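Okay, structure first, notes after.
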Amino acid sequence: MPLPFTPPVIHTPGEELMTQTVLLSEHNKVLTITINRPERRNALDTATYAALTRAFESATGRNDLHAIILQGAQQYFTAGNDLRDFQSRPEGESAGLRFLRALVNTDIPVIAAVEGAAIGIGVTMLMHCDFIIAASDTIFRIPFVPLGLCPEGASSVLLAQYVGIRKANEWLYLGQPFTAQEALESKFINELVAPGETLDKASKIANTMAAQSLLSLKTTKSLLKRTLTPLINESLDCEREAFIKCLVSDEAQAAFQQFFTKPEKLKS
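Here the sequence shown stands for residues 1 to 268, numbered as in UniProt numbering.
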């Protein structure tokens with residue numbers, strides 16, 4: 001049975017649209033996508049993944065967009081996957097994986113404006129963005145192992161390419177929080193700015209893109225990704241099988257139950 005999603009809407013630049021969980025706004029050849037579940041720290045559930053997937057798929061191939069900004073509402077990027085969706089084994093490809101494939105296939109630069117925290121898939125999706133601007137007080141965490149899970153989002157190969165194998169081992173095996181300063185020093189992100197200023201900086205980068213040749217932007221992105229894309233797609237497939245095995249394990253289900261009863265232990 002197909003997953004529900006918000007149907008596409010025809011709109012004009014400058015008009016802001018709202019799905020249940022995602023805000024879309026266009027201005028000057030730039031699409032801003034905002035994850036909009038502030039009451040859940042912008043955690044990603046099935047409906048949110050579906051809306052994000054549709055937004056990225058709809059943006060790809062257009063000749064009037066030069067860049068995408070991705071952010072979270074109310075200065076909080078995302079707490080990652082809504083663990084309530086992990087209570088049962090998914091049938092077929094998960095909504096989260098479909099979103100990641102749409103992000104990977106996006107043909108124009110994606111600029112992430114990260115505030116508050118980026119947890120789990122909130123970190124792994126950043127590996128598929130072209131620029132990452134983070135507030136200086138942002139906290140990052142990849143808690144797959146503490147949750148009884150394994151890497152996803154092609155992080156099993158991409159993270160080491162960004163930060164080196166030793167740092168990747170530390171972040172993935174231990175699953176402990178790390179600061180925005182550490183992310184910058186590890187070359188995981190592009191730049192730190194003061195809290196509340198990530199969107200402004202991301203917009204400046206995006207406006208630079210808007211003044212450039214769209215053909216040049218798309219060609220450059222394609223060339224930069226030409227050797228990585230096959231590896232990313234293979235990794236997504238391999239990780240999917242491994243992730244499902246971990247997801248249905250007794251250890252993972254016990255970790256989820258512990259999260260619901262004592263959530264701060266895994267969030268801190």
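We put the beta carbon where it would ideally sit given N, CA and C, even for glycine.
All figures in this text were calculated on a predicted structure; none of them were measured in a lab.
A straight-line Cα-Cα distance of about 22 Å links N233 and N169. If you draw a straight line from the Cα of S155 to the Cα of L224, it is about 18 Å long.
Of the residues assessed, Q161 falls on the exposed side of the cut-off, its CB having fewer than 16 other CB atoms within 10 angstroms. For L103, the uninterrupted alpha helix (DSSP H) run begins and ends at A95 to V104, by DSSP.
The beta carbon of L147 is closer than 6 Å to those of A255 in its chain, skipping five residues each way along the sequence. DSSP places R141 in the uninterrupted beta strand (DSSP E) bounded by I139 to R141. For Q71, the enclosing beta strand (DSSP E) begins and ends at A67 to G72.
The C-alpha of A118 lies about 22 Å from the C-alpha of C246. Note on the segment 174-252: whole alpha helix (DSSP H) runs with a minimum of 4 residues are 180-185, 198-210, 214-225 and 228-247, in chain order. Residue environment: K204 is assigned as exposed (fewer than 16 neighbouring CB atoms within 10 Å of its CB, all protein chains considered). In the same chain as N105, and ignoring 5 residues on each side of it, the C-beta atoms closer than 7 Å to its own belong to T60, in chain order.
By the neighbour-count criterion, in which 16 or more other beta carbons inside 10 Å mark a residue as buried, Q74 falls on the exposed side. N36 is not a Cβ neighbour of A79, given a cutoff of 8 Å.
Taking C-beta atoms as the reference points, N81 and G96 count as a pair closer than 8 Å.
In chain order, D45 and T46 place their CB closer than 7 Å to the CB of D85, counting only its own chain and leaving out the 5 sequence neighbours on each side.
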